[in-house]
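My numbering applies: residue 353 is where the sequence shown begins, and numbers increase by one.
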Amino acid sequence: MHRQFAARRLDFSVPRIMGILNVTPDSFFDGGACYRDGVLQLDLALRQAERLIREGADFIDVGGESTRPGADPVSPQAECDRVLPVVAAIASRLDAVVSVDTSNPELMVEAAKHGAGLINDVRALQRPGALAAASAAAIPVCLMHMQGAPETMQERPAYLDVVADVLQFLSARKQACLQAGIAEQDIWVDPGIGFGKTDEHNLALIRELDRLNEVGPILLGVSRKSMFGRLLGRDLAERLPGSLAAGLIGCQRGARILRVHDVAATRDALEILRLIG
Ligand code: PT1
């Protein structure tokens, strides 16, 4: 299976790695790594992207709004100001698909003009104008499932059947994309690990991940999420082994893109998976 992302065509006979580049001052993992004295530094963002690519990332996911549990929203203008210069710099200078982690329609269109190759929306294009913007951007989209909103989503997650609910939601959003003129081969899906889900919900979604393959190719993000903290009793800095195990199992069950902080370690794990087959 091959897919086109703006100027780049990628082969998905093996899973691909998406490296995370946070350009927020408050990320849960590398909070403010690209900031000095509260000001975003383009050279730090570029250097970090370069490192992720050297380590084996095929995608760089640029995010200007934190969506982890409890995060505060950011204004659309502030988000564009943070993200667009970074998207443009990476797309013009480095060899990777630039993904833009946003729910903001204006940013979707502008990012595509500046060379982005994928729209990664944790709100699955549900904001007013987002479907039309993604369609106009004419690059692939990733639709993620979330229950509730980041501010409150972990308060009381509840489902009758979490896997069936997520499947149904993603199928409905895919239909909405098709109606908006987005091509079927440009639609990716993501169960949204940690987005309005208990540990049991997250585990069930990874366990039964292959059921999502009928909707579209799967992107999976588990990297250093709090479920590993609770399940294993680990701080943020100690969650890599659990993340690698869950990511590999996800790939065995169909994930084609892994969204991660730790690209080098993920590449080694995926190489062993490939060699064993
Ligand atoms: C994801 C994802 C994302 N995750 C996609 N985009 C985040 N497509 C941002 C925790 O429980 O999985 N898929 N963009 C980061 N979100 C979280 C959520 C970070 C939960 C941490 C937690 O710790």
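For each residue, glycine too, the CB sits at the ideal point set by N, CA and C. All values reported here derive from a predicted model rather than from experimental measurement.
Evaluate the contact criterion for the segment 484-498 versus the segment 460-473: three or more CB pairs, one atom per stretch, below 8 Å. yes
Pull up the DSSP beta-bridge partners for Ser-451, would you. Asp-413, Leu-470
Hey, is Lys-549 close to the ligand PT1, as in C-beta under 6 Å from one of its heavy atoms? no
Buried versus exposed call for His-354 [16 or more other C-beta atoms within 10 Å across all chains shown]: exposed
For Ala-463, which residues in the same chain have their Cβ closer than 6 Å to its Cβ, ignoring the five residues on either side in sequence? Val-439, Val-452
Using the beta-carbon count (16 or more within 10 Å), is Gly-548 buried or exposed? buried
Bridge partners - Asn-374, DSSP secondary structure assignment: Gly-415
Let me confirm a value: Lys-465 is counted as buried when at least 16 other C-beta atoms fall within 10 Å, else exposed. Which label applies? exposed
When you compare only the Cα positions, how much space is there between Gln-520 and Asp-395? 42 Å
Does the Cβ of Val-380 lie closer than 6 Å to at least one heavy atom of the ligand PT1? Contrary to the premise, residue 380 reads as Phe rather than Val in this sequence. Under cutoff, so the answer is yes.
Once you ignore the five residues that flank Val-366 on each side, which residues in its own chain have a CB closer than 8 Å to its CB? Leu-622, Arg-626
Can you find the residues in the same chain that come closer than 8 Å, C-beta to C-beta, to Ile-405, ignoring five residues on each side of it along the sequence? Gly-371, Ile-412, Leu-446, Asp-447, Ala-448
Less than 8 Å between the CB atoms is what I'm expecting for Cys-603 and Leu-610, so what's the real figure, rounded? 7 Å
Mind reading off the beta-carbon distance from Leu-564 to Leu-522? Whole number of angstroms is fine, and I expect it under 8 Å. 7 Å
Could you give the residue range of the beta strand (DSSP E) that holds His-553? Taken as a continuous stretch (DSSP letters only), His-553 belongs to no beta strand (DSSP E), being part of the alpha helix (DSSP H) at 551-559.
Neighbourhood of Gly-629 by C-beta, 6 Å cutoff - its chain only, sequence neighbours within 5 removed: none
Closest to Arg-420 by C-alpha separation, out of Arg-525, Ala-556, Ala-501, Ile-369, would be which residue? Ala-501
Are Val-518 and Ala-556 close, meaning C-beta to C-beta below 7 Å? no
Taking three-plus beta-carbon pairs below 8 Å as touching, is the segment 586-595 in contact with the segment 567-578? yes
Can you give the Cα-Cα distance for Pro-480 and Gln-531, rounded to whole angstroms? 15 Å
Give the list of continuous beta strand (DSSP E) stretches no shorter than 3 residues that lie fully inside the segment 492-534. 493-496
Taking the alpha carbon of Ala-443 as the point to measure from, which residue in Phe-357, Met-498, Gly-581 has its own alpha carbon closest? Phe-357
Let me check you understand the geometry: is the CB of Arg-434 closer than 6 Å to at least one non-hydrogen atom of the ligand PT1? no
List the whole-angstrom C-beta distance separating Gly-416 from Val-375, where the pair is believed to meet the contact cut-off of C-beta under 8 Å. 5 Å
So, under 8 Å CB-CB, Ile-369 and Val-615 are touching, yes? Tell me the CB distance rounded to an integer number of Å. 6 Å
Measuring alpha carbon to alpha carbon, tell me which residue in Ile-624, Leu-477, Val-435 is nearest Ala-488. Leu-477
Look up Asp-542 in the DSSP assignment and give the residues it is bridged to. Met-496
Residue range of the unbroken beta strand (DSSP E) whose run includes Asp-363: 360-363
Take the Cβ of Glu-552 as the centre, count every other Cβ of all protein chains shown within 10 Å, and call the residue buried at 16 or more, exposed below. exposed
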